[in-house]
Structure formats: structure tokens, C-alpha cells
Amino acid sequence: MAEVRIENLVKVFPNGTRAVNDVSLAAPDGEFLVLLGPSGCGKTTTLRCVAGLERQTSGDIYIGERVVNDLPPGERDIAFVFQFYALYPHLSAYDNIAFPLRAVGVAADEIDRRVMRVAETLRIKHVLRKRPRSMSSGEQQRVALGRAVIRRPQVFLMDEPLTNLDAALRSDMRVELKHLQRELGVTTLYVTHDQTEAMTMGERIAVMQLGDLQQVGTPLEVYQYPATLFVASFIGDPPMNLIPVTLEGDALQGASGHLSLALAPDVAGAIRQKQSGPGLVLGVRAEDITLSGGDEGDMRGEVTTREPLGDQALYSVGLDGQFIQITTAPTTRFGVGDAISLSIDRSRMRVFDAATERALV
Amino acid sequence: MNVQNRQTRSLLGRILFWIATALILVFFLFPIYWILITAFKDRPDITQLPPRFVPWVDFQPTTFNFHEILIEMEVSQFGTATEQSPFLGQLFNSVIISGTATVVAVILGTLAAYAFSRFRIKGEGDLLFFILSTRMLPPVVTVIPLFLMFTELGMRNTFHGITLLYITMGLPFVVWMMKGFFDEVPHEFEEAAMIDGYSRLEAIWRIVIPEVIPPMLATAVFVLITAWNEFVFVQLLNPLGYTTVTPFLYAVVGYGRTEWGRVAATTVVFVSPIVIFTFLVRKYLLRGVTFGAVRR
Numbered sequence: 480m481a482e483v484r485i486e487n488l489v490k491v492f493p494n495g496t497r498a499v500n501d502v503s504l505a506a507p508d509g510e511f512l513v514l515l516g517p518s519g520c521g522k523t524t525t526l527r528c529v530a531g532l533e534r535q536t537s538g539d540i541y542i543g544e545r546v547v548n549d550l551p552p553g554e555r556d557i558a559f560v561f562q563f564y565a566l567y568p569h570l571s572a573y574d575n576i577a578f579p580l581r582a583v584g585v586a587a588d589e590i591d592r593r594v595m596r597v598a599e600t601l602r603i604k605h606v607l608r609k610r611p612r613s614m615s616s617g618e619q620q621r622v623a624l625g626r627a628v629i630r631r632p633q634v635f636l637m638d639e640p641l642t643n644l645d646a647a648l649r650s651d652m653r654v655e656l657k658h659l660q661r662e663l664g665v666t667t668l669y670v671t672h673d674q675t676e677a678m679t680m681g682e683r684i685a686v687m688q689l690g691d692l693q694q695v696g697t698p699l700e701v702y703q704y705p706a707t708l709f710v711a712s713f714i715g716d717p718p719m720n721l722i723p724v725t726l727e728g729d730a731l732q733g734a735s736g737h738l739s740l741a742l743a744p745d746v747a748g749a750i751r752q753k754q755s756g757p758g759l760v761l762g763v764r765a766e767d768i769t770l771s772g773g774d775e776g777d778m779r780g781e782v783t784t785r786e787p788l789g790d791q792a793l794y795s796v797g798l799d800g801q802f803i804q805i806t807t808a809p810t811t812r813f814g815v816g817d818a819i820s821l822s823i824d825r826s827r828m829r830v831f832d833a834a835t836e837r838a839l840v
Numbered sequence: 003m004n005v006q007n008r009q010t011r012s013l014l015g016r017i018l019f020w021i022a023t024a025l026i027l028v029f030f031l032f033p034i035y036w037i038l039i040t041a042f043k044d045r046p047d048i049t050q051l052p053p054r055f056v057p058w059v060d061f062q063p064t065t066f067n068f069h070e071i072l073i074e075m076e077v078s079q080f081g082t083a084t085e086q087s088p089f090l091g092q093l094f095n096s097v098i099i100s101g102t103a104t105v106v107a108v109i110l111g112t113l114a115a116y117a118f119s120r121f122r123i124k125g126e127g128d129l130l131f132f133i134l135s136t137r138m139l140p141p142v143v144t145v146i147p148l149f150l151m152f153t154e155l156g157m158r159n160t161f162h163g164i165t166l167l168y169i170t171m172g173l174p175f176v177v178w179m180m181k182g183f184f185d186e187v188p189h190e191f192e193e194a195a196m197i198d199g200y201s202r203l204e205a206i207w208r209i210v211i212p213e214v215i216p217p218m219l220a221t222a223v224f225v226l227i228t229a230w231n232e233f234v235f236v237q238l239l240n241p242l243g244y245t246t247v248t249p250f251l252y253a254v255v256g257y258g259r260t261e262w263g264r265v266a267a268t269t270v271v272f273v274s275p276i277v278i279f280t281f282l283v284r285k286y287l288l289r290g291v292t293f294g295a296v297r298r
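If you're matching them up, the sequences are chains A and B in order.
Count the first sequence with my numbering and you get residues 480 to 840, in order.
Count the second sequence with my numbering and you get residues 3 to 298, in order.
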């Protein structure tokens, strides 16, 4: 077991693509760290650099106390789970799982004992004689995990391992994988583009976009306090409402006067001090807005749609050409076309600089 | 349509299918059968009109022709003078020359193809085109330059000369075919093996090669057949040493009259190794040709 530390990692591909741009990141011993981002954000490249499958352009990678920059993948004491599992097609499940042990010349009876134990944990004893082609994707997934855990590596690296499973199986495997990781206590870097996976499995989430690390934090931190506009728009369903505003006096003003949000003087002062230009963006989650029929809220608008979701109701309210989304208790009964006012929870909102796209408060 | 009607139709379909198959088989196999029985006829039976097709009924089979080509051959019209046949020696040459050329071309070509498939190589497209371009001229066009080159280098009538030539002829084919096959094998296989503690060469040997054995055998068959059947170069470059079977086939036709018996017997012996080899690897051939048609 070991800490994984990435310092100032840069990866530029020969065609000039800057896939990873000065990323520094550390996963303490035993942590389940999720790398989250859309495709092409550099998360997989980062993982492949840690594995040694790509050579970084600059920067250092530590596994434990060791710098592993120049070590071939086989000497880094890691296990990698691929999106397509990469099970060896001509070998049985048993031989696939035993393969890493044979590389280091473990005795046959010891191999047998360990394969059986892993197969028991993963409940795949019945497929050990089968070839990958004749297994279901769930079974293939488990065999791939078996091949990863059998060696008891210092680090697990997983590249979208659940993407190819159907939805029901995926949520089962999420729980199981998380459980397995906790039981083994192996530091895990887990790459995904699926925020549900990230939120449910990660102890911490590292959000990446276009090669840049946007934010690292616990699932609740990145959800409630996104550090950048990108994180705000990427995490959460519905995503955070982002409304262009300017600071006038101690209040945030919307473009057409429908929005006016008085701030505490110290908050307004902090914004004024940090902002790089006049443009600001107000970020607020759908559940942090309350609706009322009166006149006393921070914004006024008109209900455009109402979607009952069972446990809650999702409203869209038109404001200056964009739609604000609000979730409320399912019992609220505003109808389409009703004029309403919206109140924003000051303690749970974010204000971003429109130019730098970073959060100010 | 009722069930019985459908069954009748499918039965009819099966019958038509088998008739068609039988006709096609007869069309392709009959000439081979004719050659085969001709090899076992003596001279008078061969020239009979109408031809005799059923052994032991129409004619009495004899191994005379095989004795001629394999051991000693009559060289006068009256059967009085004989000389030792060079056939077995040339057959041996064919085997070692085409065999060596095939093995070397497949090994070198496979390694090159792997590199083209997996690594970023500067000018990859141009290099591949260059490799293919060596096959663009009709081989005959290169006969004179090659003859001069071989003469100058002292490579005429040698084993390494002609083998090198056949390797050169086979390589582009192997490189192109195998690159396509390697492209079909996900690179994650080697990466997984390398993470599991194997070197790249071990990963190729233990994981990638087993995946491409069927298409590799198919490729080898094609290279082997090309080398085995090659006539022009060996006739010109190796008339006096390391001559293969194809010039023998040409010579055995004879002067003054055509020795059909010898031609047929030579053909039978000449074709057999290829037929046997192809037969042995036939299940791989089919998979080799359809490789990649299956989603991974």
C-alpha cells in the first residue's frame, strides 16, 4: 500500500496535443480517488502516465517514496483495469487471473490457492474454465478485477471499468467494487466520465477539463463549492444555475433588472477585491432556490415548465433569455405561466469571475 | 404458406444446393483427377482416344512415370539409355528454399508489421507505400537488372541468392497483411501483460502472436505458394545449382515429343506438399481470411 503523488505532470503528444497540463495531485495511502471529466480532458492520459504506459513530457510521479518516472509498467507494482477488460482471449478465466503471478514465477500450488481465493471473493468460480468470449460482460468484468487484485499491488488504476456494463449491473458493481477496495485498502485511481460513479464511489474527486486540473475535493465539496465554472456546470443534475451578473454597490444585478441580490458588505467587499473585471457569474443549485407567489424574492420570473419527478418537482423559470432550474417539494403547485419570485440561499451560492472562470466567494 | 410446403421448399433448396456444389466441384477437381490418373498411365494409355478415366477398368495403373522422374529416366527413344533423374534433388531444393524464404519472410514481416501497427514511426505512410511499391512492377521487368546484380555479386546458382530473392518478394505481402491483423488486436492486450510484469517482447510472444496465428498461417501459405511456384527467376538465375522443381517441370516436357506421363507425375509430386500443407491449416485459413470480421 502506498501514496500516489503526481507533481507538475505535463504530457504533450508528438502531434502537439497538450493532453495534461501541469497537474499536481496526491492520493494518500488507501484512498479511492476519482479522476472525473469529459472525454479528452486528460484523465486517461494521466492514469496511463502513472501506469507507465505513456511517458510524461515533464513532471514526476511517486508511488510510495519511489520516483517511478523511468520504471517500466511491470516494475511499478500496480494493477490496471481497462475499459474493455483486455482479458487474454486465448486463455481461460483461470489462466487470465493467474497470468500476473506466472510472470513472477510463483509456484503452481500457491497460484492455485490464490486464484481460488480471488475467485471466491468475486464469485466467479463457475467460470474459471471458460474463455472470455463465452462469458457475460459482468463475468468478464469480475475476471478483469480478479487479475488486478491477485497480485496485491500497491495501487489500482482503473480506466472506466464499469462503462461497458448495463445500467443495473453497473450500480451493483459500483457498490461491490467500492467494498472490495475498502476491504483491500489499496490506493485507487479511478477514471470515469460518469459523475454518478464519481459521486458515489470517490472519497475525493479530481475534476479535469482540457488537460487542466479544475478542483480536487470530496464529492460534497465539488458539488456544493465548485471552484470553477466548468465544475459548476459539469457536476450535478440538473447542473448549477449560472447567471451573468454585475456587482453594483453591495448587490448583484442581473442584466435586465429582474434580478437583484443584496449581499453582506464583507462578501461584496471580498468580491470587489478579487474580481478581475466587471463580469461576474452567480452560481446557485436548483435546490437552493425557493419559490413563492409574492413579490419579496431576489428575482422575478414566470414558470415555463413544471416536471413532477415524484420525490420532487423540477421547475424552469425564464429569466433574461435563459432558464433557471429549481427543485422543490413535490407539493408546490405553481402552474405554467404563473408569475413567481425566487429567493436564493445566500450561504449556499457561489460567485465566479466571468473572465477567469474561477470562484471568488 | 403451410409448414409442409415450407419443408418441401427447404428440401428442394438443399437438393439444388448439393447439385450446384457437386457441379462446381467436378468443374474444379476433374482436371486434377485427370492429371492424377495420367501420372499412373503408360505411354499408349495416355494417348488413347477417347481418354480412359477409370483405373483397373479402362487401363492398368503403373508407377512407371514415377520411377522415371524419381530415379532414372530414359533418354533415348528406344529405352536403351537411361540417366539418373535430378528430380529428387530439385524437389529438396524447392522444399528448403521456399520453406526458408517463407519462415524468414513471415518472421521479419511480422516484426515489421507489429512496429508499423503499434509505434508512431516518422514517415509511416511513405514507408509502407515504398514497401508495397516493390510489388508494383511485373517481376519479369526486373529480370535483367537482377541477373546483372546476381552475376556481379556471385549469387547466381546459390542457395542464399534465390532464397533472398523469394524473401524480398514475400516481405511486402507479409508486412501489409500482418499490419492489418495487428491493427485488429487491441493494444490493451500488450499493455495489460506489460503491467502484469512481462517485457514487450514477452507480451508479443505470449499474448499477441497467439491472437494472430490463424491469419499468420494464411499469410504463410500465400508466401509459400508464391515461392514454390516461381519459375522465371530460378530458371534464369539458378540453372546450374539450387534449381527448384519448376524448371524440371519445364525440362521434362521433352524435346521432339511431349512426355505427358512425366509431366503428370511431376505435377502430382510438385503439388502434393502444398495441398497437404493447405489441408492441414485449412481451419486457420478460413479464420485468417475472415479475421477482423468479428467484433472484438
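Just so you know, even glycine gets a beta-carbon here, dropped at the ideal spot from N, CA and C.
Please specify which runs of the beta strand (DSSP E), each continuous and at least 3 residues long, are wholly inside the stretch 49-98 of chain B, giving them in chain order.
Entirely contained in the stretch 49-98 of chain B, the beta strand (DSSP E) runs reaching 3 residues are, in chain order, 74-76, 84-86.
Report yes if the C-beta distance between B/F132 and B/K181 is below 7 Å; otherwise report no.
Not closer than 7 Å, so no.
7 Å Cβ cutoff met for A/A730 and A/L740
In contact: A/A730 and A/L740 (Cβ atoms closer than 7 Å).
Who are the neighbours of B/E193 on chain A, taking C-beta pairs under 9 Å?
Going along chain A in sequence order, the residues near B/E193 (Cβ under 9 Å) are R527, A530, L532, P552, F559, F561, A565.
In or out: A/P493 buried (at least 16 other Cβ within 10 Å) or exposed?
Exposed.
Per the contact definition of three or more C-beta pairs closer than 8 Å, is the stretch 796-806 of chain A in contact with the stretch 765-776 of chain A?
By the Cβ rule, the stretch 765-776 of chain A counts as touching the stretch 796-806 of chain A, because three or more pairs are nearer than 8 Å.
Taking the alpha-carbon of B/R208 as reference, which of B/V56, B/M196, B/L219 has the nearest alpha-carbon?
Comparing Cα positions, the closest option is B/M196.
Within 7 Å of any Cβ in chain A, is that where the Cβ of B/E126 sits?
Taking Cβ atoms only, chain A never reaches closer than 7 Å to B/E126, which makes this a no.
Which residues in chain B sit within 8 Å of A/F578, going by Cβ to Cβ distance?
A195, D198, listed in chain order.
Measure the alpha-carbon distance for B/G101 versus B/L226 and round it to whole angstroms.
Here the C-alpha atom of B/G101 lies approximately 7 Å from the C-alpha atom of B/L226.
Between A/L532 and A/D817, what straight-line distance do the alpha-carbon atoms span, to the nearest angstrom?
Rounded to the nearest whole angstrom, the CA to CA distance from A/L532 to A/D817 is 58 Å.
What's the C-alpha gap between B/I17 and B/V270?
For B/I17 and B/V270, the distance between alpha carbons rounds to 33 Å.
Going by CA-CA distance only, name the one from A/S820, A/V670, A/R779 that's closest to A/T523.
Nearest of A/S820, A/V670, A/R779 to A/T523, Cα basis: A/V670.
Look at the Cβ atom of B/P174, then the Cβ atom of B/R122, and state whether they are nearer than 7 Å.
Going by C-beta atoms, B/P174 is not nearer than 7 Å to B/R122.
Quick check on the burial criterion: 16 or more other C-beta atoms within 10 angstroms. Buried or exposed for B/L242?
With fewer than 16 neighbouring CB atoms inside 10 Å of its own CB, B/L242 falls in the exposed class.
So with Cβ pairs under 7 Å, would you call B/R122 a contact of chain A?
Closer than 7 Å: yes.
Under 7 Å between C-beta atoms, does B/I209 make it to chain A?
Closer than 7 Å to the CB of B/I209 there is at least one CB belonging to chain A.
To the nearest angstrom, report how far apart B/V273 and B/T228 are at their CA atoms.
Taking the straight line joining both Cα atoms gives about 13 Å.
Decide if B/M3 is buried, meaning its Cβ has at least 16 other Cβ atoms within 10 Å, or exposed.
The predicted position of B/M3 is uncertain, since its pLDDT is 47 and thus under 50; a value taken from the coordinates is nonetheless stated next. Looking at its Cβ environment, which holds fewer than 16 other Cβ atoms inside 10 Å, B/M3 is exposed.
Check A/E786 in the structure and name its three-state DSSP category.
In this structure, DSSP gives A/E786 an extended state, which the three-state scheme calls strand.
Buried or exposed: A/E544, going by 16 or more other Cβ atoms within 10 Å of its Cβ?
So A/E544 ends up on the exposed side.
I'd like to know whether the C-beta atoms of A/T835 and A/S712 end up nearer to each other than 7 Å.
Inclusion of A/T835 and A/S712 in the CB contact set at 7 Å is not warranted, their separation being larger than that value.
Helix or strand or just coil, what does DSSP make of A/N494?
A/N494: coil per DSSP, three-state reduction.
Is B/F55 buried or exposed, if buried means 16 or more other CB atoms sit within 10 Å of its CB?
Classification for B/F55: exposed.
Which same chain residues end up closer than 8 Å to B/R297 when comparing Cβ atoms and leaving out the 5 residues on each side of it in sequence?
Here the model assigns B/R297 a pLDDT of 41, short of 50, so the residue's position is not dependable, and the following value carries that caveat. Within the same chain, and ignoring the five residues on either side of B/R297 in sequence, no residue has its Cβ closer than 8 Å to its Cβ.
Give me the subset of the stretch 482-511 of chain A whose CB atoms are less than 8 Å from a CB atom of chain B, sorted by chain position.
With the criterion set as a beta carbon lying under 8 Å from some beta carbon of chain B, the members of the stretch 482-511 of chain A are P493, in sequence order.
Counted within 10 angstroms of its Cβ, other Cβ atoms place A/P809 as buried (16 or more) or exposed
Exposure of A/P809 is indicated by the presence of fewer than 16 other C-beta atoms within 10 angstroms of its C-beta.
Would you tell me roughly how many angstroms separate the C-alpha atoms of A/L488 and A/I542, rounded to the nearest one?
Each residue's Cα considered, the two are about 14 Å apart.
Is B/I73 buried or exposed, if buried means 16 or more other CB atoms sit within 10 Å of its CB?
Taking all protein chains shown into account, B/I73 has fewer than 16 neighbouring C-beta atoms within 10 Å of its C-beta and is therefore exposed.
Output, in chain order, the set of chain A residues within a Cβ distance shorter than 9 Å of B/P212.
What B/P212 touches in chain A: Y567, P568, H569, L570.
Closer than 7 Å by C-beta to A/S847: which residues in its own chain qualify, once you throw out the five before and the five after it? Chain order, please.
For chain A, the structure presents residues 480 to 840; residue 847 of chain A sits outside this window and is missing.
Residues that B/E186 contacts on chain A, provided the C-beta gap is smaller than 8 Å
The premise fails here: B/E186 is roughly 12 Å from chain A at the closest Cβ pair, so nothing lies under 8 Å.
Helix, strand or coil, according to DSSP, for B/F30 in the structure here?
DSSP places B/F30 in helix when its eight states are reduced to three.
Please determine, among B/I211, B/P52, B/R45, B/D60, the residue with the shortest C-alpha to C-alpha distance to B/E70.
Taking the Cα of B/E70 as reference, the smallest distance to any Cα among B/I211, B/P52, B/R45, B/D60 is reached at B/R45.
So is B/P217 buried or exposed if we call it buried at 16+ other beta carbons inside 10 Å?
Buried, by the Cβ-count rule.
Would you list, in sequence order, the uninterrupted alpha helix (DSSP H) runs of no fewer than 4 residues that lie entirely inside the stretch 509-588 of chain A?
If one requires a minimum length of 4 residues, the alpha helix (DSSP H) runs lying completely within the stretch 509-588 of chain A are 522-530, 572-582, in chain order.
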